[in-house]
Every structure is written in C-alpha cells, then in structure tokens.
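In the UniProt record's numbering, the protein residues as written are 1 to 315.
Single-structure report; data block below.
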C-alpha cells in the first residue's frame with residue numbers, strides 16, 4: 001500500500017523504549033510504499049502513489065477511489081490495534097505526525113470533535129440536583145465569576161437557594177428558611193457585599209455640611225428626612241436633609257435639647273427652662289420654669305414629655 005503523505009518527507013518513525021527509533025507499523029517502509037500489517041490473514045491493500053517527487057497529499061476522493069471501502073475498514077482496524085499497543089509517548093508522536101500531514105478540512109474536523117469531547121458543559125448535562133450539590137462546594141466569589149460564563153450557568157447558579165442562603169448566613173444574616181426565593185437571597189448577598197465594600201472604602205454614607213449657625217450646635221433631632229438643630233447662637237433651625245435647605249430659622253434661647261413636629265418646636269435650655277415655639281411665626285407660645293438643670297425630652301406615642309432634669313453648667 002502506497003504511503004499517502006504530503007510531499008516527499010522522510011517516513012515518520014517512533015522512538016522505542018531503548019532510545020532508538022523504529023518505524024510505526026502502518027507508516028511508510030520504503031520509497032513510495034506503506035504496508036499495513038495483514039488483517040485476519042488477508043494481505044494489505046496496495047495504493048499506488050502519485051509518483052516520485054509529489055509535493056502534495058492526495059485528496060480524500062483520490063484515496064477512496066483507489067481503496068475499496070471494505071479494504072479501508074480492514075486497514076483502519078489494523079491501525080487501531082497497533083495504535084492501542086503503543087506507549088503514551090508513541091501515541092503522542094504518531095498523532096503529532098498525522099496532524100502535520102492534515103489539511104484545513106482535517107484540522108477543522110479535528111477541532112470540532114475535540115471541542116465536543118473536552119468542553120462539556122456539566123451544568124447543562126447533569127441533573128439539576130447534582131449541579132446544586134457541586135455548587136455548594138464553591139465560595140460565593142467563585143460562584144459570581146461562574147455566573148459570567150454563560151446565561152445557562154447564571155440561570156442554574158441563581159436558582160440554587162441553599163448556596164445563597166449559606167452565603168448570607170456566613171455574613172451574619174438571620175435567615176428565614178421559609179423564603180425559598182434564590183434570587184432574593186442572591187440580591188441580599190450582593191447588596192451586603194456592596195455595603196461592606198463601601199464601608200471599607202469610606203463611601204458607605206453621603207456627607208454634606210449644613211451651614212447657617214454662627215456658634216456651637218448643642219442639640220440635634222432627626223425625623224422623616226428633617227433635621228432640627230439648636231445652637232449657642234440663640235437660634236434653632238429646621239433643615240431638609242435631602243436638599244440641604246433651611247426650611248425654618250427662629251430665635252430661641254440656648255438649646256440643650258430639641259423636639260419638633262410640623263407646627264411647633266419644643267426646646268430645653270441651659271437656663272433651666274422649657275419653651276414651645278411656632279415654626280411659622282417664630283413666636284414663643286409657652287414657657288415653663290421650675291427645673292434646676294437643663295431639661296431634655298422623651299417621646300411616648302408621639303407625645304413630647306419633659307424628662308427629669310440633669311445637672312449641667314451653662315457655657
């Protein structure tokens with residue numbers, strides 16, 4: 001059988017364990033001839049070459065025209081038996097040589113088949129329960145990276161409730177096992193991770209300065225997006241925190257404590273008095289004396305009450 005190789009390259013050979021080189025049984029053994037081992041007592045076929053000095057490998061059509069299908073199958077069986085008897089190193093060398101003889105069509109065929117064999121999507125092929133079991137062994141950061149592989153991977157990983165519940169539990173969250181929405185727990189985890197990163201980078205809170213008082217601020221009270229401030233400059237102001245704008249500013253005494261609602265302001269002062277003020281007019285509507293120290297406030301069911309006084313020194 002003629003060796004159907006590319007060009008006039010020298011016959012390939014394989015390295016034997018003793019360090020020498022011996023020709024592969026199915027590769028060329030003489031000028032222009034390649035004799036396959038006889039199969040089942042039948043002589044190997046003969047394939048005439050394209051002639052001495054040929055520089056290109058014959059096409060598949062040319063090969064099949066010269067070798068009958070039955071003879072080709074016998075020849076292929078013989079090669080397979082011999083190939084399986086080789087060492088791993090000899091097999092690798094044989095494959096390297098065959099690849100070097102292959103054209104674009106053969107290389108494309110090889111690439112397509114290798115991709116099918118080597119790049120198997122186990123998350124797609126395995127049952128969902130087995131996929132979930134494997135995912136439990138991965139840390140959350142690796143899982144998030146795996147979500148970027150494909151839409152299929154993202155869908156499977158995002159549907160694994162136990163994985164994301166465990167991730168949240170490891171961050172210190174109290175997990176409600178009755179909530180089995182995996183996407184909910186994934187969002188909780190991502191939000192927590194983002195907040196932790198912002199805290200680390202000092203970006204967790206937005207800061208702004210409210211400028212308006214001319215002396216030290218002693219009292220603060222926040223409610224529903226509004227902030228009341230009482231200062232040593234004998235004034236109290238009500239601020240819209242979201243915009244930083246001053247809504248009201250009225251003259252008072254020096255405030256040690258403040259509480260407010262939409263209509264009025266209640267202040268406790270270092271002069272040992274408590275007063276009520278109207279935001280709209282700035283007028284003092286009530287004035288209470290009797291404490292021996294600056295007064296503070298407690299709030300019970302929305303009602304402002306004057307607390308027991310504490311000893312304090314006026315500035």
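Just so it is clear, CB atoms sit at the ideal spot from N, CA and C, and this is done for glycine as well.
Bear in mind that the values here come from a model prediction, so they are computed numbers and not experimental data.
Q. Do three or more CB pairs link the segment 188-198 to the segment 211-220 at distances below 8 Å?
A. no
Q) Is residue 78 buried or exposed, if buried means 16 or more other CB atoms sit within 10 Å of its CB? A) Counted from its first residue, the chain shown places residue 78 at position 78. Buried, since its Cβ has 16 or more Cβ neighbours within 10 Å.
Q | Beta-carbon separation (whole angstroms), residue 226 vs residue 210, contact threshold 8 Å | A | Walking along the chain shown from the start, residue 226 turns up at place 226. Walking along the chain shown from the start, residue 210 turns up at place 210. That belief does not hold up - the Cβ atoms of residue 226 and residue 210 are roughly 12 Å apart, past 8 Å.
Q: Tell whether a beta-carbon distance below 8 Å holds between residue 153 and residue 146.
A: Taking the first residue of the chain shown as 1, we reach residue 153 at position 153. Taking the first residue of the chain shown as 1, we reach residue 146 at position 146. Taking 8 Å as the Cβ cut-off, residue 153 and residue 146 qualify as a contacting pair.
Q: Let me know the secondary structure DSSP gives residue 188 once reduced to three states.
A: Taking the first residue of the chain shown as 1, we reach residue 188 at position 188. In the structure shown, residue 188 sits in a helix (DSSP, three-state: H, G or I).
Q) Between residue 189 and residue 160, is the Cβ-Cβ spacing less than 8 Å? A) Along the chain shown, read from residue 1 onward, the residue named residue 189 stands at position 189. Along the chain shown, read from residue 1 onward, the residue named residue 160 stands at position 160. For residue 189 and residue 160, no; Cβs fall outside 8 Å.
Q. With residue 274 and residue 282 assumed to form a contact (beta carbons below 8 Å), what rounded beta-carbon distance in angstroms separates them?
A. In the chain shown, the residue the question calls residue 274 occupies position 274. In the chain shown, the residue the question calls residue 282 occupies position 282. The pair is not a contact, with the Cβ atoms about 17 Å apart (cut-off 8 Å).
Q) Looking at the structure shown, is residue 278 part of a helix, part of a strand, or coil, going by DSSP? A) Working through the chain shown from its first residue, we reach residue 278 at position 278. Reduced to three states, the DSSP call for residue 278 is strand.
Q.
Using a Cβ-Cβ cutoff of less than 6 Å, which residues in the same chain neighbour residue 56 once the five nearest sequence positions on both sides are dropped?
A. Position 56 of the chain shown holds residue 56. Note that residue 56 has pLDDT 47, beneath the 50 cutoff, so the model's placement of it is unreliable and the number below is only indicative. Here the set comprises nothing.
Q: Report yes if the C-beta distance between residue 156 and residue 123 is below 8 Å; otherwise report no.
A: On the chain shown, position 156 is the one that residue 156 refers to. On the chain shown, position 123 is the one that residue 123 refers to. Yes, the Cβ-Cβ distance between residue 156 and residue 123 is below 8 Å.
Q. By how many angstroms is the C-alpha of residue 231 removed from the C-alpha of residue 242?
A. Numbered from 1 along the chain shown, position 242 holds the residue referred to as residue 242. Numbered from 1 along the chain shown, position 231 holds the residue referred to as residue 231. Their Cα atoms are separated by approximately 21 Å.
Q: Please name the residue in 229, 116, 164 whose C-alpha comes closest to that of residue 245.
A: In the chain shown, residue 245 corresponds to position 245, counting from 1. If we check each option's Cα against that of residue 245, 229 comes out closest.
Q. When burial is assigned at 16 or more other CB atoms within 10 Å of the CB, is residue 205 buried or exposed?
A. Here the question's residue 205 lines up with position 205 in the chain shown. Exposed, by the Cβ-count rule.
Q: Could you check how far apart the C-beta atoms of residue 271 and residue 254 are, in whole angstroms? I think they sit under 8 Å.
A: Numbered from its first residue, the chain shown carries residue 271 at position 271. Numbered from its first residue, the chain shown carries residue 254 at position 254. That belief holds up - the Cβ atoms of residue 271 and residue 254 are roughly 7 Å apart, short of 8 Å.
Q: Determine the burial state of residue 111: buried for a count of at least 16 other Cβ atoms within 10 Å of its Cβ, exposed for fewer.
A: Position 111 of the chain shown, counted from the start, is the residue given in the question as residue 111. Exposed: under 16 other Cβ atoms inside 10 Å.
Q) Under the rule that 16 or more other beta-carbon atoms within 10 Å means buried, what is residue 186, buried or exposed? A) Here residue 186 is taken as the residue at index 186 of the chain shown, counted from 1. That one is buried.
Q: Take the Cβ of residue 165 as the centre, count every other Cβ of all protein chains shown within 10 Å, and call the residue buried at 16 or more, exposed below.
A: Here the question's residue 165 lines up with position 165 in the chain shown. When all chains shown are included, residue 165 counts as buried.
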